[in-house]
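Structure record follows, encoded as structure tokens.
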Amino acid sequence: MKIREASYDNLVECADIKFKADGSKYSKNEMALNLKYLKKYYENKDSKIIVAGETEIFGYIIYTFDIWNNSVKVDFIYVRPDKQGIKIGSSLLDFVIKEATNKNYRIIFVETKKTENRAIEFYKKNGFIINCIIQERYKNDDALIMSKHL
Ligand SMILES: CC(C)(COP(=O)(O)OP(=O)(O)OC[C@H]1O[C@@H](n2cnc3c(N)ncnc32)[C@H](O)[C@@H]1OP(=O)(O)O)[C@@H](O)C(=O)NCCC(=O)NCCS
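The sequence shown begins at 12 in the working numbering and counts up one residue at a time.
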């Protein structure tokens, strides 16, 4: 599976994967808003969007380098539901970890909802530990901060 930087043309497919992975129903407004955020990340010089796949996209990860404190934040990771469980997410995360390690970043971290068991297990399996809980970070949920030293 090819892991590579996203092109601008891939962003619509990435937006589609997010909606499929979230199990959300399509609304034109939500789709447009999501695409707007993806474009912002694409244009941000400190962020990167990495995709799995060539002609067809199976998943993507977005991350942001924080040069000031030498850390990397995973902003989003999504794998198409019909391709989950076959290590695409792990390959995307590995790509980021390797790049961050090569660039001498100190730590990689992520924020996830406390009830997102699948994501929490995924990060644990990939060597992240839980650092803290932010209570009531979301309307109906707490947030977990998870990290891995590089
Ligand atoms: C979380 C997500 C990115 C994982 O990607 P994936 O390609 O399916 O994960 P992998 O195949 O690399 O799995 C690696 C490990 O994660 C854990 N894991 C993955 N899916 C899991 C599930 N449904 N339940 C429990 N553990 C799971 C397992 O420990 C797995 O290792 P194993 O297969 O040896 O048991 C993917 O399920 C997804 O897109 N979910 C919806 C969006 C989301 O929650 N994103 C994260 C928050 S931003």
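Quick reminder that beta carbons are idealized off the backbone N, C-alpha and C, glycines included.
Here the structure is a predicted model, which means the values were calculated and not measured.
Residue burial classification, residue i (beta-carbon count within 10 angstroms, cutoff 16)
i, result
"residue 66", "exposed"
"residue 143", "exposed"
"residue 123", "buried"
Residue i: CB within 8 Å of a non-hydrogen atom of ligand 1
i, result
"residue 138", "no"
"residue 70", "yes"
"residue 64", "no"
"residue 128", "yes"
"residue 61", "no"
"residue 24", "no"
"residue 99", "yes"
"residue 32", "yes"
"residue 76", "no"
"residue 52", "no"
"residue 89", "yes"
Supposed contact pair residue j and residue i - C-beta distance, whole angstroms, cut 8 Å
i, j, result
"residue 68", "residue 113", "Not quite, the Cβ-Cβ distance comes to about 24 Å (not below 8 Å), so this is no contact."
"residue 52", "residue 60", "6 Å"
Alpha-carbon spacing of residue i relative to residue j, whole angstroms
i, j, result
"residue 86", "residue 134", "13 Å"
"residue 131", "residue 30", "20 Å"
"residue 41", "residue 23", "13 Å"
Contact test: residue i Cβ vs ligand 2 heavy atom, cutoff 8 Å
i, result
"residue 102", "Ligand 2 is not part of this structure, which contains only ligand 1."
Exercise. Which ranges does the alpha helix (DSSP H) cover as unbroken runs of at least 4 residues, wholly within the stretch 108 to 139, from first to last along the chain?
Worked result: 128 to 136
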